[in-house]
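These protein sequences, in sequence, are chains B and C. Just so you know, the working numbering puts 250 at position 250 of the first sequence, and the rest follows in order with no gaps. Just so you know, the working numbering puts 134 at position 134 of the second sequence, and the rest follows in order with no gaps.
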Amino acid sequence: MAPYASDDSTTAGEADDLRSGRRKAARYVVPVTVMGVAAATIGLVPALADSGDPDLPKISAQQLIEKIAQSDVQQLSGTVKISTDLGLPDLGGLQSGLLSGAAGKGGDDGSSADPSTKLTELASGTHTVRVAADGPDRQKLSLLENAAEYSLIHNGKDVWGYDSKSNEVYHGTSPEGADKTREKDERDLPATPKDLTEEALKSVDATTSVTVDGTVQVAGRDAYKLLIKPKQSGTTVGAISVAVDAKTGLPLKFTLTPARGGAAVVDAGFTQVSFAKPAASTFDFTPPKGAKVTEDKKSGAEPKPEPELKPELKPEPEHGQRSPKSEGDLGKELDGLKTIGEGWNSIATFDTGGEGVPSGAGAGGDLGGFLGSLGDQVSGKFGKGTVFSTRLVNALITDDGKVYVGAVTKDALVKAANTAK
Amino acid sequence: MSRADVVPQSYATGEQALRKPSPLWTFGLLRNELMTTLRRWRTLALLGVLAAVPILVGIAVKIETSDGSPGGGHGSGGGGGGPAFIAQITNNGLFLVFTALAATLPFFLPMAVGVVAGDAIAGEANAGTLRYLLVAPAGRTRLLLTKYATTMAFCLLATLVVATSALAVGALLFPLGDLTTISGTRIGFADGLGRALLIALVVAASLTGIAALGLFVSTLTNSGIAAMATTVGLLITVQILDQIPQLHAIQPYFFSHYWLSFADLMRDPVYYDELVKNLGLQALYAAVFGSAAWARFTTKDVTA
Chain B
1 MAPYASDDST
11 TAGEADDLRS
21 GRRKAARYVV
31 PVTVMGVAAA
41 TIGLVPALAD
51 SGDPDLPKIS
61 AQQLIEKIAQ
71 SDVQQLSGTV
81 KISTDLGLPD
91 LGGLQSGLLS
101 GAAGKGGDDG
111 SSADPSTKLT
121 ELASGTHTVR
131 VAADGPDRQK
141 LSLLENAAEY
151 SLIHNGKDVW
161 GYDSKSNEVY
171 HGTSPEGADK
181 TREKDERDLP
191 ATPKDLTEEA
201 LKSVDATTSV
211 TVDGTVQVAG
221 RDAYKLLIKP
231 KQSGTTVGAI
241 SVAVDAKTGL
251 PLKFTLTPAR
261 GGAAVVDAGF
271 TQVSFAKPAA
281 STFDFTPPKG
291 AKVTEDKKSG
301 AEPKPEPELK
311 PELKPEPEHG
321 QRSPKSEGDL
331 GKELDGLKTI
341 GEGWNSIATF
351 DTGGEGVPSG
361 AGAGGDLGGF
371 LGSLGDQVSG
381 KFGKGTVFST
391 RLVNALITDD
401 GKVYVGAVTK
411 DALVKAANTA
421 K
Chain C
1 MSRADVVPQS
11 YATGEQALRK
21 PSPLWTFGLL
31 RNELMTTLRR
41 WRTLALLGVL
51 AAVPILVGIA
61 VKIETSDGSP
71 GGGHGSGGGG
81 GGPAFIAQIT
91 NNGLFLVFTA
101 LAATLPFFLP
111 MAVGVVAGDA
121 IAGEANAGTL
131 RYLLVAPAGR
141 TRLLLTKYAT
151 TMAFCLLATL
161 VVATSALAVG
171 ALLFPLGDLT
181 TISGTRIGFA
191 DGLGRALLIA
201 LVVAASLTGI
211 AALGLFVSTL
221 TNSGIAAMAT
231 TVGLLITVQI
241 LDQIPQLHAI
251 QPYFFSHYWL
261 SFADLMRDPV
271 YYDELVKNLG
281 LQALYAAVFG
291 SAAWARFTTK
301 DVTA
């Protein structure tokens, strides 16, 4: 017998037996305690780190909106976390295909470094995006992926897209300087809470209530919370909450919650932000040796790649965020688009000419059946149709090819279709 | 707490002379353990397999791109297949280090570690040598710590074997030079080499969790094979569970969940969030299963 194994129960009396049994059990307290402490830490640290809402001077909603408008942050770098949960069926590539189809775009050129193919990924799931900006001429946006990264770099007149996974490069050009680009350049960073907020504020009118809803801390900075709420009923938008940095007026966090409750449809916020000037090397890009470079075909004939990027940079969820009013923008790209209703309840409608989208069970073929299975059959004075629902945007496609889309409930769509008839 | 605390009086008196082993003795024990582990054919075979992985990957990429086609070679718009960084290997051999680590980390490396860790206590018990080890005045806690240190040393050694083999193959088959980070910025070769070393260290640290788990399993049984099979089986189970989307709520607590975060060291600037999470998780696993192994081993009846 080993000398150190002497607490074997065989050598002990009955009392010792009990004692050594207890002693054995006592040792297991250590791993259990470690586990307990870890669980408590995981549970409590976020609660403790939440040091309460910061104390900031009172401000009116109007002042806060002006603050956002005046915000002129030229230099920043930070990490943004974007979660979108539209409740879309996971269609992967098909979804983006439909989207670009709907926006009237042709197919892409097959390069995986093309911004349009890449940024539609933001439309679903949770993504981490890094942003860096230094003035109007230099921005960088990187989409962090598993062991890879997609970077979109704008430096002077060059726009580079680099997909490290496939080692492919996309190159476009943009006109240098000029005030006109300013506005467009901001659109280069559609993922930032600022862009989302600007879109949301476009919809502010009589049908909307805007209030300042206390203060909050975002990414370690004190911020005001701006609450945008539709006054009407019938819309699927519950509320939009924006955290605005108290010092710079930059929106730091954007959350859109649906009327039916549940998790936010869109939640984009900085997890880390710095207003220091990013290192100049951040914006330097030379295509790596051996990388496949795709030149933007349009940049020769037309010196602005942005118009092409824009619709894709604002994929599906944006249609929701734009809220009904701004669907008008989208509408201009489609022929025969009309808007019914006002404010949040407005519904966009257009005629596909009866052949654009096979709808419902009435349309034959596999595609019709497939699409029909995704939606709900409805009927009314307008005839029959199929409603496709997401958590935010609902669409009614009637069997005669009319389409009604809006951030409104199913009933509101049917009602609109009935009145339109 | 030392084992002597629980030794009954009658034994303790007779042992005074043997007590208080010098610190050097711990080193001796560790050196002894290391030599025993490394001299096993099994260990050498495992290291051989690990060294072969980068050679195979390197040759495969070389053959595939020998007709002058650009890196990747997964057809147009592809790049989805294969381990991380594989598309960049043809342009810079250093990337073979990252690819090889990414290819071996999910299975080969932890399997090798699982074999060594599972064998640590149970193997001795199986061979009937455990009680002789305990006759020496090392104490069970010290022996356990030595075993864990040996396993961790093997983690580091295995990772370095993969990295070194990959670097050698990469330098032989492909050009070396400045490299492009996955964020698109360029860094010098020395910087890249530094990052490769850092990545190897992070990968080795990523394996400490499964090493502690294997050691705990090893104290539960007297059969070395059973302990290795259980450890490797747990590894495979966790890897499968980590792929099931419905389990996303508990996945962040799997020891393998953040393994591939080492690639974040190739971003510029480095993205630390997941790296820190990974290291914290490994420390937690090491603490929980290390102390569980200690609780089990110091109270266990050693009969073999």
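Each residue gets a CB set at the ideal place from its N, CA and C atoms; glycine is no exception.
Return no unless some Cβ of chain B is closer than 8 angstroms to the Cβ of residue i.
i              : result
A263 (chain C) : yes
G184 (chain C) : yes
T180 (chain C) : yes
L284 (chain C) : yes
R195 (chain C) : no
L198 (chain C) : no
A292 (chain C) : yes
N278 (chain C) : no
V217 (chain C) : no
Use the C-beta contact count for residue i: other C-beta atoms within 10 angstroms, 16 or more gives buried, fewer gives exposed.
i              : result
G156 (chain B) : exposed
V216 (chain B) : buried
H248 (chain C) : exposed
A263 (chain C) : buried
P54 (chain C)  : buried
F189 (chain C) : exposed
S60 (chain B)  : exposed
V212 (chain B) : buried
S233 (chain B) : exposed
D267 (chain B) : buried
Q282 (chain C) : buried
V414 (chain B) : buried
R130 (chain B) : buried
T398 (chain B) : buried
P193 (chain B) : buried
G75 (chain C)  : Residue confidence for G75 (chain C) is low, a pLDDT of 39 falling below 50, so the modelled location carries little weight and cannot support an answer.
T159 (chain C) : buried
Is residue i close to chain C, meaning its C-beta is less than 8 angstroms from at least one C-beta of that chain?
i              : result
Y162 (chain B) : yes
S124 (chain B) : no
A417 (chain B) : no
N155 (chain B) : no
T438 (chain B) : The question about residue 438 (chain B) has no answer, for chain B in this structure spans 1 to 421.
G262 (chain B) : no
P115 (chain B) : no
G290 (chain B) : yes
L252 (chain B) : no
A148 (chain B) : yes
L144 (chain B) : yes
Are residue i and residue j touching if we call contact CB-CB under 8 angstroms?
i              : j              : result
L201 (chain B) : I65 (chain B)  : yes
V244 (chain B) : L76 (chain B)  : no
I187 (chain C) : F98 (chain C)  : no
T208 (chain B) : P230 (chain B) : yes
D400 (chain B) : T386 (chain B) : no
L24 (chain C)  : L109 (chain C) : no
F154 (chain C) : T37 (chain C)  : yes
L56 (chain B)  : Y224 (chain B) : yes
M152 (chain C) : A211 (chain C) : yes
L94 (chain C)  : L173 (chain C) : no
L96 (chain C)  : V49 (chain C)  : no
A246 (chain B) : D222 (chain B) : yes
S223 (chain C) : N126 (chain C) : yes
A204 (chain C) : L156 (chain C) : yes
A219 (chain B) : V237 (chain B) : no
T231 (chain C) : G114 (chain C) : yes
K402 (chain B) : T349 (chain B) : yes
Report, in whole angstroms, the separation of the C-beta atoms of residue i and residue j, which I expect to be a contact under 8 angstroms.
i              : j              : result
L201 (chain C) : A147 (chain B) : Going by Cβ atoms, the distance from L201 (chain C) to A147 (chain B) rounds to 17 angstroms, so no, they are not a contact pair.
F297 (chain C) : L144 (chain C) : 5 angstroms
G249 (chain B) : K67 (chain B)  : 4 angstroms
D119 (chain C) : A227 (chain C) : 7 angstroms
T235 (chain B) : N345 (chain B) : 6 angstroms
E145 (chain B) : K292 (chain B) : With a Cβ gap of about 18 angstroms, E145 (chain B) and K292 (chain B) do not count as contacting.
#### Entry: Interfacial residues, the segment 32-57 of chain C to chain B, with Cβ spacing under 9 angstroms
Identification of residues in the segment 32-57 of chain C having a C-beta nearer than 9 angstroms to some C-beta of chain B yields an empty set.
### Query
Between the segment 27-40 of chain B and chain C, which residues of the former have a C-beta closer than 7 angstroms to a C-beta of the latter?
R27, Y28, V30, P31, V34, M35 and A38
### Short-range partners of chain B found in the segment 138-157 of chain C, where Cβ spacing is below 8 angstroms
Under the 8 angstroms Cβ criterion, the segment 138-157 of chain C contributes G139 and R140.
### Query
Between the segment 125-137 of chain C and chain B, which residues of the former have a C-beta closer than 7 angstroms to a C-beta of the latter?
R131, L134 and V135
### Task
Determine which residues of the segment 46-74 of chain B have a Cβ less than 7 angstroms from any Cβ of chain C, and write them out in chain order.
Those would be none; no residue qualifies.
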